[in-house]
Amino acid sequence: MSKITTSTQWKQLEEKAAREDSSKIKELFSRDPNRAEKFSIENGKLFLDYSKNPIDAETFQYLVSLAKTSHLEEQKLALFSGKKLNVTEDRPALHTALRHPDQLGSLPTPPLREEMLRERQKMSTFVEKFRDGLLLGVTKKSLTSVIHIGIGGSDLGPSLVTNALAGKQKIKISFVSNVDVTELNKALMTHDLESTLIIIASKTFSTSETLINARAVIREMSSKLGKSEKDILNDHVVATTANIGRAHDLGISESKIFAFWESIGGRYSIWSSVGLPIALAIGFDRFCNFLAGAHQMDKHFIEAPAEVNMPTILALVGIWNINFLRRVTHAVLPYSDKLKLLPDYLQQLEMESNGKQINKAGQRLDFPTAPVIFGGRGTNFQHSFAQHLHQSPVITPCDFIAIAKDQQTPNEHQDCLLSNCFAQSEALLLGSDCESSDATKSVDAHKSFDGDRPSNTILIDEFDEKTLGALIALYEHKVFCQSVIWNINPFDQWGVELGKNIEGAIRPILAGGPGSATQNGSTRLLIERVKKLRS
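In terms of the working numbering, the sequence shown has 497 at position 497, counting the first letter as 1, and numbering is strictly consecutive.
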């Protein structure tokens, strides 16, 4: 593919961004008070209003043309047909196949499709037995609670969706991700270990934090229950992994190992057996509804033209803000406790997928890619970092996410959430000129701000497992669209691997082993200080 920055469309967008009025959103509303009706889109129970961005009809057409010249349609077909889009690891990205794979025609190949369906049935049977109280621990008590051990993609997705959908669940589930023992100890103290199922989630089954926590839990259960570690492994421990061999080496029988595949990236694995804690919490039928919601977004993404394609539009708005207006931060602001973990989840999805400096051809990029993602739940963030959003010289585009109808939230509370959500996006748009009370009526600069700060609003008509599945898939496809335009691989994460490799060399030294000349002088100094303090 030719370099995107030399394309006619890129040049047109650069020229448009250079105009003095390129970021004046208020002027666009002045010219067309009804622009929100033109710059919004509905799909299922999701409604996206992107009118509070500095995009007019001409800019929008340039952006759509940019997507087309980037061969987005061909790349979408390649994704869904199982082509090897992960070029650095020579594998496809098959996460979409996990969402009702029996309905996706030739994807994946028949043997793999059958394997996926078998794993789904195995997971369904296990969930049913657990929820019926038929799984027994070493003391013959039914397993009724869960400690889930994972990190990154093996933790962020399951904890997000379980928190969002479980409601007043009868099943207690604790998620342990940090290798700091505080989180682990809290889980151990608050669970009846006789009736606790342990899920170890790791794609490679070599993630050091997860394995350290897993061994600690097994040792603690063995000690407290007076049973061998082998007995604990047999009766209390299951694994979700793409490396069955390593899970088996730990002592977990194959009947307790729920597989997924190398072609499922960790941050895209929520649709696989990594979703086991979700299914345990809400039931397998509702978990399937969650998959079905994502599948509906898949169909919209693959079928709808770019001009009316929700993930594509969200991606193009981001491209305009990042690459042409140079706004390289982005805030995710859900107005619901159910979605309080969404900013963390999207932080990994976007920054691990598209935080790259090299394109698929191995060439260094000369433009920014993934923005810095941060966020918080409304209305809490309004009392912490909203000041920055309104008046900082750093302009941060925002995604406001709100639920229109929530059966579990009284109207008084829901009206307060919605009114605050709508007010914040309007305040970012309009700004304020505050006159002082003195006779000169001069503008008090400290109390004034310009407005014209961009935002999207995603309104969820009614929150359930299907709408959550669709929302997550919406962001997945947004990230994919942007990766296509930037011509980068969103399915690898070599920066993550580098840190793991260096950590593996440092830990033996902290444990008393010999030092190494390969360590940086600063690192050697820090290691020596720790060893001296311990001695």
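The beta carbon of each residue, even a glycine, is placed where N, CA and C say it ideally should be.
Quick check on this structure: which residue in the options has the alpha carbon closest to the alpha carbon of residue i?
{"i": "K45", "options": "A404, R507, W494", "result": "A404"}
{"i": "L184", "options": "Q363, I147, Q407, V274", "result": "I147"}
{"i": "G133", "options": "S145, A386, P514", "result": "S145"}
{"i": "R364", "options": "A423, Q9, D452, I488", "result": "I488"}
{"i": "I395", "options": "G451, L417, F422, Y345", "result": "G451"}
{"i": "N501", "options": "S353, V87, K168, T518", "result": "T518"}
{"i": "V64", "options": "K299, F47, Q12", "result": "Q12"}
{"i": "L85", "options": "I460, S263, E254", "result": "S263"}
{"i": "P397", "options": "T457, C416, K356", "result": "T457"}
{"i": "V227", "options": "N321, V138, H191", "result": "It should be pointed out that residue 227 corresponds to Lys in this sequence rather than to Val. It is V138 whose Cα lies nearest to the Cα of K227."}
{"i": "T6", "options": "T69, L28, L48", "result": "T69"}
{"i": "V181", "options": "G153, P158, V217", "result": "V217"}
{"i": "D32", "options": "S51, K16, F47", "result": "S51"}
May I ask you to report which of helix, strand or coil DSSP gives residue i?
{"i": "E462", "result": "strand"}
{"i": "K172", "result": "strand"}
{"i": "T96", "result": "helix"}
{"i": "E42", "result": "strand"}
{"i": "A78", "result": "helix"}
{"i": "R35", "result": "helix"}
{"i": "I373", "result": "strand"}
{"i": "R118", "result": "helix"}
{"i": "I55", "result": "coil"}
{"i": "N243", "result": "coil"}
{"i": "R453", "result": "coil"}
{"i": "R91", "result": "strand"}
{"i": "L13", "result": "helix"}
{"i": "N86", "result": "strand"}
{"i": "P490", "result": "coil"}
{"i": "K68", "result": "helix"}
{"i": "I4", "result": "helix"}
{"i": "S432", "result": "strand"}
{"i": "K405", "result": "strand"}
{"i": "T329", "result": "strand"}
{"i": "T196", "result": "strand"}
{"i": "L48", "result": "strand"}
{"i": "H390", "result": "helix"}
{"i": "R19", "result": "coil"}
{"i": "P110", "result": "helix"}
{"i": "L233", "result": "helix"}
How would you label residue i, buried or exposed, when you count the other beta carbons within 10 angstroms and need 16 or more for buried?
{"i": "A93", "result": "buried"}
{"i": "F367", "result": "exposed"}
{"i": "E20", "result": "exposed"}
{"i": "M536", "result": "Given a span of 1 to 535 for the chain in the structure shown, any question on residue 536 remains unanswerable."}
{"i": "W486", "result": "buried"}
{"i": "W494", "result": "exposed"}
{"i": "Q408", "result": "exposed"}
{"i": "K532", "result": "exposed"}
{"i": "T440", "result": "Below a pLDDT of 50, predicted positions are generally treated as unreliable, and T440, at 49, falls in that range; the measurement from the model is reported next regardless. So T440 ends up on the exposed side."}
{"i": "V530", "result": "exposed"}
{"i": "L43", "result": "The displayed chain sequence assigns Asn, not Leu, to residue 43. Classification for N43: buried."}
{"i": "E119", "result": "buried"}
{"i": "L498", "result": "exposed"}
{"i": "R327", "result": "buried"}
{"i": "H295", "result": "buried"}
{"i": "D192", "result": "exposed"}
{"i": "S522", "result": "exposed"}
{"i": "V238", "result": "buried"}
{"i": "T59", "result": "buried"}
{"i": "A187", "result": "buried"}
Could you check how far apart the C-beta atoms of residue i and residue j are, in whole angstroms? I think they sit under 8 Å.
{"i": "E465", "j": "L165", "result": "6 Å"}
{"i": "T125", "j": "A281", "result": "The Cβ separation is near 17 Å, so there is no contact."}
{"i": "T240", "j": "L276", "result": "6 Å"}
{"i": "N234", "j": "S253", "result": "7 Å"}
{"i": "S154", "j": "S202", "result": "6 Å"}
{"i": "P158", "j": "I278", "result": "6 Å"}
{"i": "L341", "j": "L160", "result": "4 Å"}
Does any heavy atom of the ligand SAM sit closer than 7 Å to the C-beta of residue i?
{"i": "L112", "result": "Looking for the ligand SAM in the displayed structure turns up nothing, as the structure carries no ligands at all."}
At least three beta-carbon pairs within less than 8 Å, the segment 303-321 to the segment 471-478: By the Cβ rule, the segment 303-321 counts as touching the segment 471-478, because three or more pairs are nearer than 8 Å.
Whether or not the segment 253-268 and the segment 348-363 are in contact is what I'm after, with contact meaning three or more pairs of Cβ atoms, one per stretch, closer than 8 Å; do they touch? The answer is yes - the segment 253-268 touches the segment 348-363, with three or more Cβ pairs under 8 Å.
Between the segment 45-55 and the segment 317-332, can you find at least three pairs of beta-carbon atoms closer than 8 Å? Under the 8 Å Cβ criterion, the segment 317-332 counts as touching the segment 45-55, having at least three qualifying pairs.
Are the segment 420-434 and the segment 375-393 in contact at 8 Å, needing three or more beta carbon pairs? Result yes; three or more Cβ-Cβ pairs closer than 8 Å.
Does the segment 480-496 touch the segment 83-97, meaning 3 or more C-beta pairs lie closer than 8 Å? A contact between stretches requires three or more CB pairs, one per stretch, nearer than 8 Å, and the segment 83-97 meets this requirement with the segment 480-496.
Across the segment 65-82 and the segment 21-33, are there enough close Cβ pairs to call them in contact, namely three or more that are closer than 8 Å? Segments in contact, no.
Contact the segment 208-223 vs the segment 166-174: 3+ CB pairs below 8 Å: At 8 Å Cβ cutoff, the stretches do not touch.
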